Amino acid sequence: MGFIGVGGQGGGHLFGGAWTYLTGGYAARRDVQVLAVCDVWRDRRERAKQRLNQHYGRDVCEAYADFRQVLERADIDAVLIATPAHWHAVMSVRAVEAGKDVYCEKPTAVTIRESQAVLAAVRQYARIYQAGTQQRSEYGGRFRLACELVRSGRIGRLKEIYAWRDGGAIAWPKTFAPEKPLPDGFDWDLYLGPAPMFPFDGNTGPHRFDIGELNWGQHHYDIVQWGADADATGPVELWVENGRSCYRYASGVTVYGRPYPGEKVGGNGGVCFVGEHGRIAVDRDALVSEPPDIVREPLRPVEVHLDRADSHSGNFLDCVRSRLRPICDIAIAHRSVSALLLGGIVKQLQRPLQWDPAREQFVGDDEANALLDIPHRPPWQL
Amino acid sequence: MNTLAIILWLVAAPTEHIRCAEYVARINAAGERAGALIADGLAGDDPAAQSAAMQAAHDFYDTRRLAALLPTVSPPVQVALLGLLARRGDPVAMPSVVALARSANTEVRAAALRALGPLGDASVVRLLAEAAANGETAARQALLELRRGDVGAAMVAEWASPPLQKELARALAQRAEPATVGPMMKLYLETGNETLREALRQVCQRSRSAAEPVLAALTEGNAGALLPVCGGLVDPRVRVVLRRVGGRALCGTKDPELVPELIELARVSDDAAVRALAFRAAARLSKGAASFRQLLALAKGPEEKRLVLAGLAALRDAEALKMALSLCEDVEVGAEAAEAARQLREALAKPEWLTNWEVAGPYRQEGKNFSQLFEIVFPPETEEVGAVRWKVLPAESPVDLQKALGDGEQCVAYARTRVLSDKEQPARLEIGSDDGVKVWWNGQPVFARNVARLLTPGEEKVNVTLRPGVNTLMLKITQNNLGWAFCVRLVK
Chain A
49 MGFIGVGGQG GGHLFGGAWT YLTGGYAARR DVQVLAVCDV WRDRRERAKQ RLNQHYGRDV
109 CEAYADFRQV LERADIDAVL IATPAHWHAV MSVRAVEAGK DVYCEKPTAV TIRESQAVLA
169 AVRQYARIYQ AGTQQRSEYG GRFRLACELV RSGRIGRLKE IYAWRDGGAI AWPKTFAPEK
229 PLPDGFDWDL YLGPAPMFPF DGNTGPHRFD IGELNWGQHH YDIVQWGADA DATGPVELWV
289 ENGRSCYRYA SGVTVYGRPY PGEKVGGNGG VCFVGEHGRI AVDRDALVSE PPDIVREPLR
349 PVEVHLDRAD SHSGNFLDCV RSRLRPICDI AIAHRSVSAL LLGGIVKQLQ RPLQWDPARE
409 QFVGDDEANA LLDIPHRPPW QL
Chain B
347 MNTLAIILWL VAAPTEHIRC AEYVARINAA GERAGALIAD GLAGDDPAAQ SAAMQAAHDF
407 YDTRRLAALL PTVSPPVQVA LLGLLARRGD PVAMPSVVAL ARSANTEVRA AALRALGPLG
467 DASVVRLLAE AAANGETAAR QALLELRRGD VGAAMVAEWA SPPLQKELAR ALAQRAEPAT
527 VGPMMKLYLE TGNETLREAL RQVCQRSRSA AEPVLAALTE GNAGALLPVC GGLVDPRVRV
587 VLRRVGGRAL CGTKDPELVP ELIELARVSD DAAVRALAFR AAARLSKGAA SFRQLLALAK
647 GPEEKRLVLA GLAALRDAEA LKMALSLCED VEVGAEAAEA ARQLREALAK PEWLTNWEVA
707 GPYRQEGKNF SQLFEIVFPP ETEEVGAVRW KVLPAESPVD LQKALGDGEQ CVAYARTRVL
767 SDKEQPARLE IGSDDGVKVW WNGQPVFARN VARLLTPGEE KVNVTLRPGV NTLMLKITQN
827 NLGWAFCVRL VK
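These protein sequences, in sequence, are chains A and B. For the first sequence, the positions run 49 to 430 when the numbering used here is used. For the second sequence, the positions run 347 to 838 when the numbering used here is used.
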């Protein structure tokens with residue numbers, strides 16, 4: 049495997065750490081050998097390379113500043129992408145075009161068009177794509193159980209979902225700060241990638257171009273989609289209510305981009321499902337219901353059972369071998385990130401919108417449709 | 347092929363992922379022939395075509411045709427295809443999957459058994475249970491996932507095969523299906539099988555709704571079998587049976603250490619019969635006034651009060667006497683209370699002084715002093731039934747009549763008691779009185795001294811004859827002024 053981006057998030061995947069869900073990370077797995085690490089920061093990539101070679105006991109891992117060099121290597125089967133968000137889709141497309149299977153951190157893309165391009169490329173090259181929305185696999189299956197209970201009708205007909213967070217989007221900067229001296233061992237051009245070139249201003253964060261909830265949002269909307277049985281579809285109407293994006297599915301289920309009033313559970317990647325006969329709230333820390341017995345009664349064989357994976361990285365690697373689609377396959381990730389990004393668009397426009405989830409465009413609304421895409425700096429067009 | 351040709355071929359040959367993309371494009375463009383291309387790709391040995399065909403298979407609608415490919419492809423592709431079919435969940439694939447569930451290839455067999463979870467029905471219960479009993483963990487998981495047909499009934503039906511029971515019990519316990527609990531319970535009640543009992547217990551613990559049939563069936567009659575199953579649940583039906591069954595057992599005890607539990611049972615039981623039994627047992631076994639005090643508070647009706655009084659009477663305890671005295675005014679059990687008090691007084695009394703007295707009075711007559719009153723006949727002397735209200739006194743001697751009847755002068759009072767004797771025998775009454783005293787023994791006047799004086803115990807000595815059984819003694823004590831008291835000692 050090759051690891052593209054070995055900062056906090058990528059380093060966590062690679063070596064494990066307090067926040068990760070895999071002890072020892074990919075480095076500790078016997079079924080994976082990491083042959084390449086890549087980062088625009090020299091210190092990071094060299095440190096990661098050194099640690100890996102020390103771990104393997106021989107010099108098997110190379111360090112690269114340019115991810116294209118990783119993709120060129122024929123002996124690399126899969127890459128894990130944990131770069132700043134504005135790079136995710138471009139790198140994913142380039143990776144599958146190079147024949148690599150991909151595990152990519154969220155958000156899957158920063159625009160709907162990017163996400164569609166990743167989906168098309170993954171399908172065209174018959175590659176495996178696992179989105180880094182690990183809540184479908186990890187955290188003791190809590191999110192899966194919540195969605196299974198909801199889809200089994202435990203709270204009656206589903207009426208509302210409180211997604212805790214609302215929409216997110218990307219925006220290239222319109223004004224530039226005064227230029228600063230470029231740090232040694234840092235590639236500003238490769239950091240910016242598809243973003244417009246502008247003078248180095250000292251901000252090298254992973255989410256510097258984000259608007260709203262682009263970072264965490266996909267986790268929440270992934271569970272919204274799963275619980276609403278909406279993996280193959282999306283919103284039909286969107287609007288802003290009290291400053292938060294909201295939307296409705298064709299099924300009539302309404303999704304609010306805010307916490308359920310008074311419910312403490314949900315902030316950590318979670319949602320609250322509200323049905324005719326009760327509600328279920330879930331996040332990484334807890335699964336609760338009202339009435340409380342809803343979540344205490346075990347799920348029966350005859351109730352809805354959803355795709356099960358007990359390890360998100362393990363599921364990815366299994367699928368790399370079997371060529372089956374992973375639990376957070378690109379089609380699912382595309383719809384989850386779309387729900388998030390559409391919320392970002394309605395927040396930018398601050399007016400109700402109609403969305404056609406089959407054709408994936410706003411109905412008769414050029415202004416809104418223009419926000420489905422964002423220009424990419426050559427050569428990073430998709 | 348010569349070396350040059352090989353080099354040229356290697357240079358010209360597209361890399362695997364490009365060939366994979368080509369194959370995807372061919373499948374996408376193939377229309378009705380897509381199925382055939384998928385079949386060819388999966389069955390062939392080109393990894394690029396296999397990879398492309400497997401991805402295309404995800405979107406290929408004809409599950410039956412995909413399942414039919416299983417025998418034609420290599421074991422690794424079989425494993426992947428089984429995974430795909432399992433995820434699709436279409437039961438048309440079941441026969442093809444069953445055929446691979448006994449494959450010699452370990453991975454294929456495990457994948458087939460795993461796939462039978464979402465794809466199988468009640469008909470594969472035996473197959474899966476046998477595989478699980480042989481250590482196939484995939485089969486164990488599949489037994490939990492089976493959802494088509496009456497799986498629970500099939501599991502109960504397979505119970506007759508002992509080698510499968512452990513796996514069946516594990517699956518039944520974890521499935522915790524309310525619909526299966528009835529048949530499980532019936533089988534358990536018929537066989538008494540411990541493995542099944544444990545499975546049922548787990549079901550009840552796991553799910554309240556699954557426990558419902560057991561709770562509904564629980565009676566005093568089957569409590570021995572079903573309480574180990576559902577006795578741990580907090581439920582009113584369990585509570586009732588536990589109190590009845592546990593209570594009935596408790597009520598049979600002869601162990602006084604269990605009196606607190608019996609009293610508690612009498613307090614909380616909502617079963618009248620058990621409550622009454624517990625009350626009786628507690629009254630029978632209690633050895634202390636504190637227990638009787640609790641029982642008295644719980645007593646419902648005269649019968650239970652009498653039980654308490656009977657128990658109290660057996661105590662040698664001032665506290666017991668106090669309780670008996672408190673009941674002497676009771677309309678229903680006043681007589682029994684008085685009797686109990688008398689017995690208690692007897693028991694508590696020091697041997698030489700009689701302490702179990704009842705008194706009546708004071709009696710006065712206008713213009714008559716104590717000396718004149720000495721000769722006047724008042725109702726106690728006429729033995730008119732109901733005319734006299736006797737008051738039971740605490741056990742003490744000498745008896746202070748001012749304390750018992752209030753301060754007063756120029757009056758008289760009567761005091762009576764009973765003395766038991768097992769035989770006829772001579773005895774001597776030794777009497778002290780403040781002031782004068784008149785004595786009736788077994789209804790006959792035997793002594794009289796009309797006088798004003800201080801109390802001197804044993805000042806008067808009167809010989810009497812004790813007859814077998816009850817002997818009655820009545821005194822008339824006059825009061826001039828100041829002290830008013832008496833004491834009597836029976837010397838045999």
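We put the beta carbon where it would ideally sit given N, CA and C, even for glycine. Because the structure is a prediction, the values reported are computed rather than measured.
Residue state for Trp-236 of chain A is assigned as helix, using DSSP reduced to three classes. Closest option to Arg-371 of chain A, judged by alpha-carbon separation, among A:Pro-155, A:Gln-57 and A:Asp-125: A:Asp-125.
At a cut-off of 8 Å between C-beta atoms, Thr-418 of chain B does not count as an interface residue with respect to chain A. Within the region 486-503 of chain B, contact with chain A at the beta-carbon level (separation under 8 Å) is assigned to Leu-490, Glu-491, Leu-492, Arg-493 and Val-497.
Put simply, the region 709-726 of chain B does not touch the region 683-695 of chain B. Fewer than three CB pairs are less than 8 Å apart. In the DSSP assignment, the residues bridged to Val-808 of chain B are B:Leu-775.
In this structure, the straight-line span from the alpha carbon of Leu-335 of chain A to that of Val-343 of chain A is close to 7 Å. Straight through space, the alpha carbons of Ala-684 of chain B and Gly-804 of chain B are spaced by roughly 28 Å. For the region 420-435 of chain B, the residues whose beta carbon sits under 7 Å from a beta carbon of chain A are, in order, Val-425, Ala-426, Gly-429, Leu-430 and Arg-433. Lys-737 of chain B and Leu-611 of chain B have their C-alpha atoms spaced approximately 36 Å apart. Burial is judged here by how many other beta carbons sit within 10 angstroms of a residue's own beta carbon; Lys-646 of chain B has fewer than 16 and is exposed. Counting only residues of its own chain and dropping the five nearest sequence neighbours on each side, Lys-600 of chain B has a CB closer than 8 Å to the CB of Leu-631.
For His-382 of chain A, the closest Cβ of chain B is not nearer than 8 Å.
Partner residues in the beta bridge of Met-820 of chain B, as assigned by DSSP, are B:Arg-762 and B:Trp-786. Assigned with DSSP and collapsed to three states, Phe-716 of chain B falls in helix. With contacts defined by Cβ atoms closer than 8 Å, Glu-345 of chain A and Ser-469 of chain B do not form a contacting pair. Not one beta carbon of chain A lies nearer than 8 Å to the beta carbon of Arg-613 of chain B. Only those residues of the region 369-384 of chain B whose C-beta falls short of 7 Å from the nearest C-beta of chain A are listed: Val-370. Under the 8 Å Cβ criterion, the region 401-416 of chain B counts as touching the region 426-440 of chain B, having at least three qualifying pairs. Residues of the region 160-186 of chain A with a C-beta atom less than 8 Å from some C-beta of chain B are Arg-171, Gln-172, Tyr-173, Ala-174 and Arg-175, listed in chain order. Residue state for Gln-178 of chain A is assigned as strand, using DSSP reduced to three classes. Assignment of Lys-512 of chain B by DSSP, reduced to helix, strand and coil, places it in the helix class.
The DSSP-derived three-state label of Ala-217 of chain A is strand. Inter-residue distance for Glu-544 of chain B and Ser-337 of chain A is about 29 Å (C-alpha atoms, whole angstroms).
When only Cα atoms are considered, Leu-230 of chain A and Val-127 of chain A end up about 28 Å apart. Of all residues in the region 603-634 of chain B, none places a beta-carbon less than 7 Å from a beta-carbon of chain A. Neighbours of Arg-521 of chain B in chain A, taken as residues whose beta carbon is under 9 Å from its own, are Pro-346, Arg-348 and Pro-349 in chain order. With respect to Cys-195 of chain A, Gly-275 of chain A sits close: the two C-beta atoms are nearer than 8 Å. Asp-87 of chain A is positioned such that its CB atom lies no closer than 8 Å to that of Val-138 of chain A. At a cut-off of 8 Å, the C-beta of Asp-414 of chain A has no neighbouring C-beta in chain B.
Here DSSP, grouped into helix, strand and coil, assigns Cys-674 of chain B to coil. Of all residues in the region 372-404 of chain A, only Leu-372 and Arg-373 come within less than 8 Å of chain B when Cβ atoms are compared, listed by chain position.
Looking only at B:Pro-725, B:Pro-740, B:Val-560 and B:Arg-735, the smallest Cα-Cα distance to Asn-702 of chain B is reached by B:Pro-740. Annotation: Leu-812 of chain B to Leu-775 of chain B spans about 11 Å, alpha carbon to alpha carbon.
Rounded to the nearest whole angstrom, the C-alpha separation of Ala-484 of chain B and Ala-357 of chain A is 14 Å. Each of B:Leu-579, B:Val-654, B:Val-677 and B:Glu-504 was checked against the Cα of Met-669 of chain B, and the nearest Cα belongs to B:Val-654.
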